[in-house]
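There are 4 protein chains.
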Amino acid sequence: MKKVRIGLVGTGYIGRCHAIAYAQAPTLFPLKGELHLEYLAEINQELAEKKAKEFGFARATGDWIELVADPNVDVVDICTPNFLHKEIALAAIANGKHVYSEKPLALTAADAKEMVEAAKKAGVKTLVGFNYMKNPTSQLAREIIKNGEIGDVVHFYGTHNEDYLASPNTPIDWHSYRSKAGLGTLGDLAAHIVNMAHYLVGEEITSVVGDMQTVITERPNPNNLSEKVKVENEDQATAMVRFANGVMGTIESSRIACGRKMGLTYVVTGTKGTLTYTQERMAELKLYLHDEDKSRQGFKTILVGPEHPDYAAFCVSAGHGIGFNDQKSVEIRDLVNGIAADDRMWPDFEEGYRVSRVLEAIAKSAEEKRWVDVKEI
Amino acid sequence: MKKVRIGLVGTGYIGRCHAIAYAQAPTLFPLKGELHLEYLAEINQELAEKKAKEFGFARATGDWIELVADPNVDVVDICTPNFLHKEIALAAIANGKHVYSEKPLALTAADAKEMVEAAKKAGVKTLVGFNYMKNPTSQLAREIIKNGEIGDVVHFYGTHNEDYLASPNTPIDWHSYRSKAGLGTLGDLAAHIVNMAHYLVGEEITSVVGDMQTVITERPNPNNLSEKVKVENEDQATAMVRFANGVMGTIESSRIACGRKMGLTYVVTGTKGTLTYTQERMAELKLYLHDEDKSRQGFKTILVGPEHPDYAAFCVSAGHGIGFNDQKSVEIRDLVNGIAADDRMWPDFEEGYRVSRVLEAIAKSAEEKRWVDVKEI
Amino acid sequence: MKKVRIGLVGTGYIGRCHAIAYAQAPTLFPLKGELHLEYLAEINQELAEKKAKEFGFARATGDWIELVADPNVDVVDICTPNFLHKEIALAAIANGKHVYSEKPLALTAADAKEMVEAAKKAGVKTLVGFNYMKNPTSQLAREIIKNGEIGDVVHFYGTHNEDYLASPNTPIDWHSYRSKAGLGTLGDLAAHIVNMAHYLVGEEITSVVGDMQTVITERPNPNNLSEKVKVENEDQATAMVRFANGVMGTIESSRIACGRKMGLTYVVTGTKGTLTYTQERMAELKLYLHDEDKSRQGFKTILVGPEHPDYAAFCVSAGHGIGFNDQKSVEIRDLVNGIAADDRMWPDFEEGYRVSRVLEAIAKSAEEKRWVDVKEI
Amino acid sequence: MKKVRIGLVGTGYIGRCHAIAYAQAPTLFPLKGELHLEYLAEINQELAEKKAKEFGFARATGDWIELVADPNVDVVDICTPNFLHKEIALAAIANGKHVYSEKPLALTAADAKEMVEAAKKAGVKTLVGFNYMKNPTSQLAREIIKNGEIGDVVHFYGTHNEDYLASPNTPIDWHSYRSKAGLGTLGDLAAHIVNMAHYLVGEEITSVVGDMQTVITERPNPNNLSEKVKVENEDQATAMVRFANGVMGTIESSRIACGRKMGLTYVVTGTKGTLTYTQERMAELKLYLHDEDKSRQGFKTILVGPEHPDYAAFCVSAGHGIGFNDQKSVEIRDLVNGIAADDRMWPDFEEGYRVSRVLEAIAKSAEEKRWVDVKEI
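Order-wise, the sequence lines are chains A, B, C and D.
Numbers in this note's numbering are just positions in the first sequence, counted from 1, shifted up by 1094.
Numbers in this note's numbering are just positions in the second sequence, counted from 1, shifted up by 1094.
Numbers in this note's numbering are just positions in the third sequence, counted from 1, shifted up by 1094.
Numbers in this note's numbering are just positions in the fourth sequence, counted from 1, shifted up by 1094.
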């Protein structure tokens, strides 16, 4: 079996999730490649070694430049803050490595485009960490839509709301600087729901009109809490969108939405039925079918189970529950099988770029107070 | 005690709801006026008499002209299809009657304005049947917001979705003709959620950008089902709005939203908390407060009870339930006390006109694909 | 049309609910009799007159003895505290009146039996106010069960929990004295769920084993809060039961169940499906059918609507909501049609007696720590 | 660091869950011992080798006798069908191994007692796989109860219902034979909820009265579907229980409860509040506090997060979700830390035995139709 040797860059929040998924995946799935946790890079050798031990990687380095050039690395897995994605990805591609990057792909759509083109030219494979669409429950949603069970989609409503910056007393960090994060809630959260919209509706978003606001305009300096520093990007954003086939949609995103801990939600309305979902109850999907007897109509709560895509890898009994890291394990499966056996790897950089364009179109629209064609970006 | 003598015009769906509420209200509330069900008008004498008996009205007529001119009528209550609201209201006002009209106030904002001005000039009182804001649960929501319990409102999301026209086989009726209904789902359903937005946020909507679609473009002729007739107004509409104080909002409305039987919902997000509500569970409100201990945060489901506005009139035990007609009874209480004791009567024609302007601005915006200032209307 | 002239005794909590329902019912339903609010009795003339005016009754008396003997009264409606039910009912029956009594029918099963026999002998009709089974939603549940849609019932779980006595600081009132209330939570609350069990399962409970406790053993004297008075009956009770056909069931009841405002709930499990319900969401029923495709199984939330029993009287649109008093209006319809047109009136005194026997068997079983056959009572 | 070398016996449903958890645990937790997947036993060498490869175990054997005697095995992990638990455990103990066994500990309480005594005598550590109490959400429930946040517990209601045998067409397997499974739904499912009751209430169940039924009395022979074979143990069981401190409780369990996929639920009522939980929404807990302002009372839905026990190991953001296998990972952490660092390992065999006694008391009570003191067993 072909080896798939991982070089992981970054071990924070999401890097650790990758590590958990790498640990699980070979037991969960009959992988088509042999997964090796080969090399790990952090900001210095000491931290790198500590994390390599913790995450089960064979070797460690304090310099990611070494990692992307290492002959024993097949895939570079980028889990750094957003502003480093591009540089690392381009270096990895230049060394002929496949690239698995967290979202958002880059700070700007232009950067994302550059990455797509570099990957294409180098003939390497790419994958972006839009993990929520890997959840068996959302795969089931896609299956139901694709089957036509709710008829033709006529409306999509999606949110990704959280409240991690709801308190004005939370000190500023890189998320709130344009130079480090690019967009605010759009890049951090809305990226997921835009990708989900593409996935579920099966069509791209082609035009948008957006509105957005920075509600908390300044935050304490983490090094001197009595000093206030300017927040540079948006706290909340909404957009009305149209998909390529003319379907209407609405996207909402906020990082100050009190009470939303994992508020990725969607309502997909079709001519014959409706699906609703919230990531806070990630193991259930609600389905309504309009053609049922009028006296027995209603939203049905389907608990995800072994009859649904990829669930049986976790448990053979329905309703026993799926966790956050399990989604990442499905993503790792896709990565390994994509590299080793040429299975389809999606969402790739191309989709990452498409998502970036939509987000940038929303921001542009909000600034210019007009509808924007995504092709303008 | 001052008499409040009702002249009811129209006894269909909503007219019957008024009748139920008229019957209940004197037992529910210590009214400040003496309610008399004086006169009832329908399209012919026979039907009028039948309905007068059924609804407990003293007299009946097949001609509403007689009713609006009758010296024993104090209030004209208009429950006809939309296109007759204006004519009847103006005639009633001309006769010095107070007017209680169902929503939407008129087919166009211009008509609504005419009605407002006529009423003002004649010095009569007015009330519009936006009954959902009379629900004790939504009154509680308003109270929580007004108290500042969720801080400053930063976002409003509201819907009024139903599925009564979801099936393409449902024959056409007056709702789908511009000449009879004016707007489609905007006039029929969104009117309620726009009024609710004004009520809850405590600010008017001042600018909008809308999008809308007629999804089912033709429907069977009810007199010849094999023939198809053109649908003239929108099935679904969405708008991003700004309130006078700059707060962002989103309004969605659909009459083809499969599975939504009474999908008036709202999410009001503040700097310190969030409220959520759905009219399908009209006796409960969900409240989240961000300042609670982080390990004990969560949305609390409050069951409406005697501690909340107007509930005790129905039952002295919490959680025992409130029904659709109960909201109308609160409205009737407001009507009687408004006429008899000069209590505040709201939403009045002024608010009905404001709502019409917002709806028309949304429609105009959707057609012209641009943001529209409500003052343009 | 035959007149049905009501004599109402008692105007507290539940008497007022009756009054609201009397006011509504003729507008809601095409009654088969002419409802007259004839006579009202309270503890003195003054209060009686005040309430008669408020509730729309023609005449008033401070002495219920006069009411039960009045030639213009057809039905005596008993809304007094429990300990008076028997005396008033027997007097009414002795005068040849039909009797409509609130639950529990009497303080003891023996008393209830006496009432049943008296009514039978006198040939008068009887009705007991088990209003929850009149809710269209629970009528729908019965219909689904009767149709065999969930197969044969194999298990019934029912509760009636509330928290009105959860606080130990709530002063004692008649509910906690054996001489005034009889049983505690069993008589006050469990009566409803036992009746509901009979109604839904379509079989009587024939044997029981119970357990119960007085958790708060003393309460403040309302006239001297620093003094404590002994609570004489149970705060919480549970029973395992068997129905006549051998089906297993569990009944739970508590008046100190923190958080339960109207916690009448049931789960009816059948060989082919399951129904669940809570009175706190009285307009929805959850239905699961096991024979559906395994990948599309789930509990469906049915919103009660015009296709379901008696709902259309309130509203012709589904999901618009049913309130507490609406159930009583259905009961009033049954009363009027039962008296005027000999329609079936149920639950009658016979059923009230059956319920009392079950409750008393539970109490006996709890005291004697053994299974008790209901026939022992 | 001390090595903890695992010898796994059995690789079916639950054995695979253990394997997933073994793979995850070292990345999730800073374990106090060095986990080695040393040896794996299956019914033949071929299968053992296949599974060892799949699960990442170093060596394999077709004979568990070899495994329990192997000098390089520190812990024997028993994931076989129930009827083998005792024999393997005793053999392991005889070889001085620590034992980690799945539930129920044995077919009878007497057997369980024998195992407890053998382990005690040999001085080995034990752990039983009651994984549901390892869920951070249920740990939070325990913390809330222990803190006294809901006052003194006055009532416990718990279920473990599933529908895996709801269809009468499902062929018979070992679960339905007394010789292979011992009790039916009591042993298979109720074991979990009895353990959970002990854990949450913090007291043992000391007396019970039970009722039970085999609803589907025969099932198809899997080798000849047209032939029917007798089901030997119960499909559903209910018990009323008393805890050592006198608290009342009810336990319900069914393997034919249509619609319940993972129906472990509990309602813990205290003098000051109530907790409710369902394992089908394993990342949320509902908490009601009675002392809150009456107009703001309600059940609060707490999404489990990093402030709660053990959650942060999985994700540092609240509400991101916990899956079935994650509970097992917490159990593995307890196992490794228990063996390597002498941390408390619970539920141990003693608790497994206590649970068995309660279950057997319920069965005995159901047969003898009387209350049974758990000490009788």
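Yeah, the Cβ is synthetic: ideal placement off N, Cα and C, and Gly gets one too.
With 8 Å set as the bound, which would you pick, yes or no: does the beta-carbon of R1451/D sit closer than that to a beta-carbon of chain G? Any reference to chain G falls outside this structure, whose protein chains are A, B, C and D.
Would G1304/C and A1331/C be called neighbours here (beta carbons separated by less than 8 Å)? yes
Answer yes or no: do G1415/C and M1376/B have a C-beta to C-beta separation smaller than 8 Å? yes
Does the contact criterion of 3 or more C-beta pairs under 8 Å hold for the segment 1401-1417 of chain C versus the segment 1182-1194 of chain C? no
Please list, in chain order, all residues of the same chain as A1406/A whose beta carbon is under 7 Å from its beta carbon, the five residues on each side excluded. P1400
Report all residues from its chain with a CB closer than 6 Å to the CB of S1348/C; omit the five preceding and five following residues, and keep chain order. N1255, T1279 and Q1330
Are L1453/B and G1281/B closer than 8 Å when you measure CB to CB? yes
Using only alpha-carbon positions, find the residue among N1225/B, L1201/B and T1264/B that is nearest to K1274/B. L1201/B
Extent of the continuous alpha helix (DSSP H) run through H1292/A: A1285 to V1295
G1242/D: contacting residues in chain C (beta-carbon distance under 8 Å): Neighbours of G1242/D on chain C: none; closest Cβ ~14 Å, over 8 Å.
Where does F1418/B fall in DSSP's three states? helix
Name the chain B residues whose beta carbon is nearer than 8 Å to that of F1393/D? K1394 and T1395
Within a Cβ cutoff of 7 Å, which residues of the same chain sit near F1408/D, ignoring the five residues on either side of it in sequence? L1122, I1416 and D1420
Taking 8 Å as the CB-CB limit, is E1401/D close to chain B? yes
Which stretch, first to last residue, makes up the beta strand (DSSP E) that contains M1334/C? Q1330 to F1337
Could you tell me which whole alpha helix (DSSP H) segments of length 4 or greater appear in the segment 1133-1195 of chain C? 1139-1149, 1158-1163 and 1179-1188
Strictly by DSSP, which residues pair up with K1380/C? T1370/C and T1395/C
Rounded separation between K1324/C and Y1258/A - CA only: 52 Å
Using CA atoms only, rank isn't needed, just tell me which of T1372/D, N1229/D and D1467/D is closest to F1337/D. D1467/D
Would T1105/A and K1145/A be called neighbours here (beta carbons separated by less than 8 Å)? yes
If you run the structure through DSSP and keep just helix, strand and coil, what is R1272/A? helix
Cβ pair count under 8 Å reaching 3, the segment 1126-1134 of chain A against the segment 1204-1219 of chain A: no
Look up N1315/A in the DSSP assignment and give the residues it is bridged to. N1318/A
Within 10 Å of its beta-carbon, does G1340/B have 16 or more other beta-carbons around it, so buried, or fewer, so exposed? exposed
Option in R1313/D, G1343/D and I1244/D with minimal Cα separation from K1380/D: I1244/D
Can the beta-carbon of H1179/C be found less than 8 Å from the beta-carbon of I1187/C? no
Could you tell me whether the Cβ atoms of Q1118/D and I1114/A are closer together than 8 Å? yes
Backbone CA spacing between F1418/D and D1428/A [nearest angstrom]: 22 Å
Got a sec, what are the start and stop residues for the beta strand (DSSP E) M1306/C sits in? I1299 to Q1307
For P1265/C, collect the residues of the same chain with a Cβ closer than 8 Å to its Cβ; drop the 5 residues on either side in sequence, then sort them by chain order. R1313, P1314, N1315, P1316 and L1319
For F1250/B, list the residues DSSP reports as bridge partners. G1343/B and V1362/B
Cβ-Cβ distance between H1292/B and E1470/B below 8 Å: no
Can you give me the start and stop residues for the beta strand (DSSP E) that R1236/A sits inside? Not the beta strand (DSSP E): R1236/A falls in the alpha helix (DSSP H), residues P1230 to K1240.
Run the CB neighbour count on M1342/C, radius 10 Å, all protein chains shown included, and call it buried at 16 or more, exposed below. buried
Taking CB distances under 8 Å as the criterion, tell me whether A1338/D reaches chain C. no
Would you say V1169/B and V1103/B are within 8 Å of each other, going by their C-beta atoms? no
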